[in-house]
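First the structure, in the form of structure tokens, and then the observations on it.
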Amino acid sequence: MSGGGGFDPNRFDPAKYEAVDFTVDLNLADEVEVDLSKLSSTEVTELESALVAREQRIATLQHRVVTAETNRSELQATVSTLESRNAELVDQLADARKSRVDLEARDLLGNFGKALDDVEADLGSAGYGVADVQVDLKAGVVNTDNGVRFHLPGVSETVRAESLSTIRFGVKPQTAAPELDYQRVPSVVGREVAEATALLRQAGFAVDATADAGVVVDQFPSSRAVAEPGEVVELTVEVPAEEESTDESAEERHSHRGDDGDRVETDDGHGETVDEAAAARPVEDVLDIGPTFGGRLREGGIETVGDVASADVERLATLTGASEERAGHWLDHAAQLLAGDPGGGDKQ
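The sequence shown begins at 401 in my numbering and counts up one residue at a time.
The following block contains the structure:
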């Protein structure tokens, strides 16, 4: 192949070469009789030297003729071989041009990915894996009616080493992924908060209770869930009511309702009836909001059931540190209270 134009099928055209006739007439002169008695000794010596030189020249020429004939036979055999090879290359070149390789982008990248997967599988059987893959892809990009395609060099094209694509990757030992040790969350609903706290901590969980004394009425995550050791389990604790409570007088409790015990209802301007008394109730009246969460909400400016219903899940979760799922339950219960739903009544 040539450096720039590829293979020239006419390079060994036998028509460009002509046969050479190596026949040499070795009869240089007719034999001549010489009377040596008429020659001086010097002339005889010179004549003998000339005859010896003549014989040597004849022998040299005969050797050259034999060598030339041998070379001629060898060259004829070489020319015949090159002609056959030339015909084969012409056929291969024609076939290569017909089957020029053009790949779609997804096919090229897909084949490359499959090759890496195969390497990964082979290495994995020996406990190793592929790491730090670096690919320098060099391919002709051809824009066709069917989209972008990659053109791969044909067999007749001359490709320089710096124009070839390269793939470099490292090999490292495989390390087993750490197994997560999930535990089932114990059921503590109905237990005293101290007992529930001890049980959860014994199982490897942290505890965040809404009160230090009382009975657990709800837990999150629930007893049906599994969680990682160390995860916080939130407990909703119901504080036992005292016979003479100083936190809320009977008159204050009664103020949540009308004089005749009926709810005071107003229209919020959007065509919905709102229990005004329920809207003014403290945030702790929302199910699952205890003193801890209630204090955090008040610090954020949310003090009543109406404030809870007007807030969004993200804000409630951010202020209290509770999950958005739990904050969503608060919103649902506050809405029930405002609508006067019997299912959203007092927490006790």
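Beta carbons are placed, not taken as given, at the ideal position from N, Cα and C, and that holds for glycine.
Given a threshold of 16 other Cβ atoms within 10 Å of its Cβ, counted over all protein chains shown, does H733 qualify as buried or as exposed? As a first step, residue 733 must be located in the sequence shown, where it is residue number 333. Classification of H733: buried, given that the 10 Å Cβ count is 16 or more.
With distances taken from CA atoms, which of F605, T442 and R681 is nearest V632? Working through the sequence shown from its first residue, we reach residue 632 at position 232. Closest by alpha carbon: F605.
Quick check: what's the CA-CA separation for L737 versus A627? Here residue 737 corresponds to residue number 337 of the sequence shown, with the count starting at 1. Here residue 627 corresponds to residue number 227 of the sequence shown, with the count starting at 1. Cα to Cα, L737 sits roughly 32 Å from A627.
Name the two residues that bound the continuous alpha helix (DSSP H) containing F605. Against the sequence shown, residue 605 aligns to sequence position 205. That residue, F605, is in no alpha helix (DSSP H); it is neither H nor E in DSSP.
Could you tell me if R726 is buried or exposed, where buried requires 16 or more neighbouring beta carbons within 10 angstroms of its beta carbon? Here residue 726 refers to the residue found at position 326 of the sequence shown. That one is buried.
Taking one C-beta from the stretch 694-707 and one from the stretch 596-603 each time, how about it: are there three or more such pairs within less than 8 Å? no
Do you know offhand how far A717's Cα is from L635's? Numbered from 1 along the sequence shown, position 317 holds the residue referred to as residue 717. Numbered from 1 along the sequence shown, position 235 holds the residue referred to as residue 635. Computed Cα separation, rounded: 16 Å.
Between H729 and the rest of its own chain, which residues show a CB-CB distance below 7 Å, the 5 nearest in sequence each way excluded? Position 329 of the sequence shown, counting from 1, holds the residue named residue 729. Excluding sequence neighbours, H729 sits near D688.
Under 8 Å Cβ to Cβ from Y528, same chain only, skipping five residues before and after it: list those, please. Translated into positions along the sequence shown, residue 528 becomes position 128. Once the five neighbours on either side are set aside, the close Cβ partners of Y528 are V571, K572, P573 and Q574.
Would you kindly check if the distance between the Cβ of E724 and the Cβ of V708 is under 7 Å? As a position in the sequence shown, residue 708 is number 308, starting the count at 1. As a position in the sequence shown, residue 724 is number 324, starting the count at 1. No, the Cβ-Cβ distance between V708 and E724 is not below 7 Å.
Between the C-alpha atoms of R681 and S587, what's the straight-line distance to the nearest angstrom? Here the question's residue 681 lines up with position 281 in the sequence shown. Here the question's residue 587 lines up with position 187 in the sequence shown. When rounded, the distance between both Cα atoms is 31 Å.
Q619, buried or exposed, once every other Cβ within 10 Å from all chains shown has been counted against 16: Residue mapping note: residue 619 aligns to position 219 of the sequence shown, counting from 1. So Q619 counts as buried.
On a CA-only basis, which of D581, G695 and L436 is nearest P350? Give me that one, please. Nothing can be reported for residue 350, as the shown portion of the chain is limited to 401 through 748.
Would L719 pass as a contact of L697 if the rule is Cβ separation under 7 Å? On the sequence shown, position 319 is the one that residue 719 refers to. On the sequence shown, position 297 is the one that residue 697 refers to. For L719 and L697, yes; Cβs fall inside 7 Å.
Proximal residues to A711 (C-beta, below 8 Å), its chain only, five neighbours per side dropped: In the sequence shown, counting from the first residue as 1, residue 711 sits at position 311. Result list for A711: I702 and L731, in chain order.
Cβ neighbour criterion (16 or more within 10 Å) applied to F693: As a first step, residue 693 is located in the sequence shown; it is residue number 293 there, counting from the start. So F693 counts as buried.
Could you tell me the boundaries of the beta strand (DSSP E) in which D618 lies? Working through the sequence shown from its first residue, we reach residue 618 at position 218. Its beta strand (DSSP E) spans residues V615 to F620.
Can you check which of these residues, S622, R715, G513 and A679, is closest to G740 by C-alpha distance? As a position in the sequence shown, residue 740 is number 340, starting the count at 1. The shortest Cα separation from G740 among S622, R715, G513 and A679 belongs to A679.
Just curious, the alpha helix (DSSP H) that P691 is in, first and last residue? Within the sequence shown, numbered from 1, the residue matching residue 691 stands at position 291. Residues P691 to E699.
For R568, which beta-bridge partners are listed by DSSP? Position 168 of the sequence shown, counted from the start, is the residue given in the question as residue 568. Answer by DSSP bridge pairing, in chain order: Q534.
Pull up the distance between the alpha-carbon of E595 and that of V589, whole angstroms please. In the sequence shown, residue 595 corresponds to position 195, counting from 1. In the sequence shown, residue 589 corresponds to position 189, counting from 1. Going by the C-alpha atoms only, they are around 11 Å apart.
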